[in-house]
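Per UniProt numbering, residue 1 is the first one in the sequence shown, and the count goes up by one each step.
Ideal Cβ placement from N, Cα and C applies to all residues, glycine included.
Inspection log for the structure reproduced underneath, given as structure tokens.
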Amino acid sequence: MGAYADAYRTSLTDPSAFWKAAAHDLEWYRRPATVLDDSAAPFYRWFPDGVLNTCFNAVDRHVRAGRGDQAAIEYDSPVTDTRRTLTYRELQDQVARFAGVLRHLGVDRGDRVVIYLPMVPEAVVAMLACARLGAVHSVVFGGFAPRELAARIDHARPKVLVTASCGIEVKRVIEYLPIVEQALGLATHTPASVVLLQRPQARATARPGRDVDWHAALSEAEPVDCVPVAATDPLYILYTSGTTARPKGVVRDNGGHAVALRWSMRHVYDTHQGETMWTASDIGWVVGHSYIVYGPLLAGCTSVLYEGKPVGTPDAGAFWRVAAEHRVKTMFTAPTAFRAIRRADPAGALLDGYDLSELRYLFLAGERLDPDTYAWARERLGIPVVDHWWQTETGWPVAANPMGLEPLEPRPGSATVPMPGYDVRVVDDDGRPAREGQIVIKLPLPPGTLPTLWQDDERYVASYLTTHPGHYLTGDGGYVDDDGYLFVMGRTDDVINVAGHRLSTGAIEQVLAAHAAVAECAVIGVADQLKGQVPRALVVLKAGAAADDLDAELKALVRERIGGIAALSRVDVVAALPKTRSGKVLRKTMRGLADGADEPVPATIEDPAVLDALREILRA
């Protein structure tokens, strides 16, 4: 660990020097003289006297450098059978004009804009247009329920809402405007205007006087130049998944965000100017913000914007087609996507016929990567498979294998090592150093992480900084091995207590996933009068696998690998696991149902029918 160890050590012992050097990769209207302001700790501020514009660094500087004809966005939509390329020059023109649309509607520096769009290029344009003006965007996942959208509108109080006539799923078209109308009826705040993007799959009836047609307004708009903003000014608000009654809006600043993402593109993802990155996520999530939009564009890369699924559009070879056709170097998605592909095509036969010679890396994050899925992807693709770990709050990887700095020997089940700036510790419930326990990060957090929550400093401190003073509470549990490799085993509320023994459900899932018939699985702790809690498993089988004797085999496997204390109370074979749209398994919801609670359908769920199908099974 030569280059990595040196960089990591410097980032902790002299963070100002480390991040000052990283800031040179950006263009500033006023280069910061101060790197870290800790005078109001725990509210740390990075580059407090710096002035820049994120949109300029992501778009205009590349056009000015003579690369206007390079592809910036490759839009690939199998659900509409559409392909479209936006060069950096075309992106600059559309962003500047849409910034003109927003300015005409009264949007100025510091104003908020809520973006409720599907995975279309206009969503990227709208985000960058806000950044161009110094306005603050808040992207809400297209298709979110009216009440959830209303809560975010009331919390962010946007001047403008940008939406589309519809979003398109594999088997259905979701009309957005009726959802927006319901949300506005529920909200106490009313945006002054609604910008409406009409899509041919389902056109909407606009409301005169309020709704502004995207295409008509764009054609008449005057382009707007980039507005210089303070590095500490907010770039966006992103509400954490699962937020309901009281929104928790993660704030991202302009300066620290741009510096951290630019550093990560080079040193974590080893992806550079002119190369292609495909992040198979959604702009409604932090992964989409960081590595569909801002990260690749800040680095001068080509970013693939994919409106489709890993399976079903049209088959489990969809990812291979996209990677081959767009000559993708770096691919990033969630482990759940690869589990779905593996389940449908266990042998990886659909890889045949696709030229993936340009594909150098597969990065996975969002859910714990079980070693079996890691091995399957590594064997089929023959390239480095990089498990890494981060959160909405951090905005970029906390732990990863730094492929552009010093590739390290991977260890299945580990997110490898902490990235520069993240002083990661493992502590027990009392805050004492522990071999295994709660993962915390010593303050200050590095650039790019949340400086606070939107208009709620008190909740920021209470939620993240109070449990272990001087440290950020990640909410995840795990351990660090003797070589400094970090193993994240899951959320701390997924640790179960069986007769006084604390067991990680992630460890049990790792054993189950190793069985040849299991495509994916989830383990939950359910109430037990004698032991307090006992582990219960739900498993999804690979295509063509038989369930004969599976119950006994899985129970025996757990007893053998972990011990009798982890004995499974029950194993259920199910058609699918309920997940959020970002791929996280809804373990907490399933645990509540198993314990007899009347759990509501979470707003973030991908397919409510999956949860409905499990209700009776879980309550049995």
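For E406, I'd like the list of residues in its chain whose CB is within less than 6 angstroms of its CB, leaving aside the five on either flank, ordered along the chain. The residue labelled residue 406 in the question sits at position 406 within the sequence shown. These residues qualify, in order along the chain: A3, Y4.
In whole angstroms, what is the alpha-carbon distance linking G477 and N497? Locating residue 477 in the sequence shown gives position 477, where the first residue counts as 1. Locating residue 497 in the sequence shown gives position 497, where the first residue counts as 1. Approximately 14 angstroms, taken between the alpha carbons.
Taking contact to mean at least 3 C-beta pairs separated by less than 8 angstroms, is the stretch 304 to 322 in contact with the stretch 433 to 443? no
Does the stretch 114 to 133 come close enough to the stretch 80 to 98 to have 3 or more Cβ pairs within less than 8 angstroms? yes
Rounded distance between the beta-carbons of I508 and M590, thought under 8 angstroms: On the sequence shown, residue 590 is found 590 positions in, with the first residue counted as 1. On the sequence shown, residue 508 is found 508 positions in, with the first residue counted as 1. Going by Cβ atoms, the distance from M590 to I508 rounds to 14 angstroms, so no, they are not a contact pair.
Just tell me which of R342, Q391, D355 has its CA closest to the CA of R378. In the sequence shown, the residue the question calls residue 378 occupies position 378. Closest by alpha carbon: R342.
Distance, Cα to Cα, K329 vs R360? Position 329 of the sequence shown holds residue 329. Position 360 of the sequence shown holds residue 360. Those two C-alpha atoms are separated by around 5 angstroms.
Outcome for S16 when other beta-carbon atoms lying within 10 angstroms are tallied against a minimum of 16: The residue given as residue 16 occupies position 16 in the sequence shown. Flag for S16 reads exposed.
For a test of the three-state rule: what should DSSP assign to S303, helix, strand or coil? Looking up residue 303 in the sequence shown gives position 303. Of the three classes helix, strand and coil, the one that applies to S303 here is strand, per DSSP.
Counting along the chain, where does the alpha helix (DSSP H) carrying F47 start and finish? The residue you call residue 47 lines up with position 47 of the sequence shown. It is not in any alpha helix (DSSP H) - F47 carries neither H nor E in the DSSP assignment.
At least 3 beta-carbon pairs within less than 8 angstroms: the stretch 136 to 144 vs the stretch 227 to 236: yes
Can you tell me whether A552 is buried or exposed, with buried defined as 16 or more other CB within 10 angstroms of its CB? In the sequence shown, counting from the first residue as 1, residue 552 sits at position 552. Per the 10 Å Cβ criterion, exposed.
Under a three-way DSSP split, which group does G274 fall into? Here the question's residue 274 lines up with position 274 in the sequence shown. Coil, per DSSP.
Would you mind reading off the limits of the alpha helix (DSSP H) that contains residue 706? Coverage of the chain is limited to positions 1 through 620, which leaves residue 706 absent and any answer about it impossible.
Tell me which residues share the same chain as G242 and place their Cβ nearer than 8 angstroms to its Cβ, disregarding the 5 neighbours each side in the sequence. Here residue 242 refers to the residue found at position 242 of the sequence shown. Confidence is the limiting factor: at G242 the pLDDT is only 44, short of 50, which leaves the residue's position unreliable and the question unanswerable from this model.
Given 8 angstroms, three or more beta-carbon pairs between the stretch 293 to 306 and the stretch 317 to 328: yes
In chain order, which beta strand (DSSP E) runs of at least 3 residues are fully inside the stretch 173 to 252? 173 to 175, 193 to 197, 211 to 213, 234 to 239
Where does V540 fall in DSSP's three states? Locating residue 540 in the sequence shown gives position 540, counting from the first residue. V540: strand per DSSP, three-state reduction.
Would you kindly work out how many angstroms separate the C-alpha atoms of L364 and V287, rounded to a whole number? Counted from its first residue, the sequence shown places residue 364 at position 364. Counted from its first residue, the sequence shown places residue 287 at position 287. Cα-Cα distance, rounded: 11 angstroms.
Extract the residue ranges of the alpha helix (DSSP H) inside the stretch 71 to 123, only unbroken runs of 4 or more that lie entirely within it. 88 to 104
Using only the alpha-carbon positions, how far apart do V229 and G395 sit? The residue you call residue 229 lines up with position 229 of the sequence shown. The residue you call residue 395 lines up with position 395 of the sequence shown. Rounded to whole angstroms, V229 to G395 spans 20 angstroms at the Cα level.
Cα-Cα, which of L149, T190, C226, P223 is closest to M211? The residue labelled residue 211 in the question sits at position 211 within the sequence shown. As written in the sequence, residue 211 is Asp, which differs from the Met given in the question. Taking only the C-alpha atoms, the option nearest D211 is T190.
Under three-state DSSP, which class holds A3? What you label residue 3 is simply residue 3 of the sequence shown in a count that begins at 1. In the structure shown, A3 sits in a helix (DSSP, three-state: H, G or I).
Just to confirm the assignment, what range does the alpha helix (DSSP H) spanning V259 have? Along the sequence shown, read from residue 1 onward, the residue named residue 259 stands at position 259. Looking at the DSSP string, the run of the alpha helix (DSSP H) that includes V259 is 255 to 267.
Apart from the five residues just before and just after T244, which ones in its own chain have a Cβ nearer than 6 angstroms to its Cβ? Locating residue 244 in the sequence shown gives position 244, counting from the first residue. Reliability fails at T244, whose pLDDT of 41 lies under 50, so the model's placement of it is uncertain and the value that follows must be treated cautiously. Nothing listed; no residue qualifies.
Which whole-angstrom value is the C-beta distance of V95 and V63, which I expect to be below 8 angstroms? Residue numbering aside, residue 95 sits at position 95 when the sequence shown is read from its first letter. Residue numbering aside, residue 63 sits at position 63 when the sequence shown is read from its first letter. Actually they do not touch by this definition, with Cβ atoms about 11 angstroms apart.
Given a cut-off of 8 angstroms, decide if L149 and Y116 are closer than it, judged by their beta-carbon atoms. The count along the sequence shown starts at 1 and reaches residue 116 at position 116. The count along the sequence shown starts at 1 and reaches residue 149 at position 149. Yes, the pair counts as a contact, with Cβ atoms nearer than the cut-off.
Run through DSSP, which three-state label would A519 get? For this step, residue 519 is matched to residue 519 along the sequence shown. Three-state result, A519: strand.
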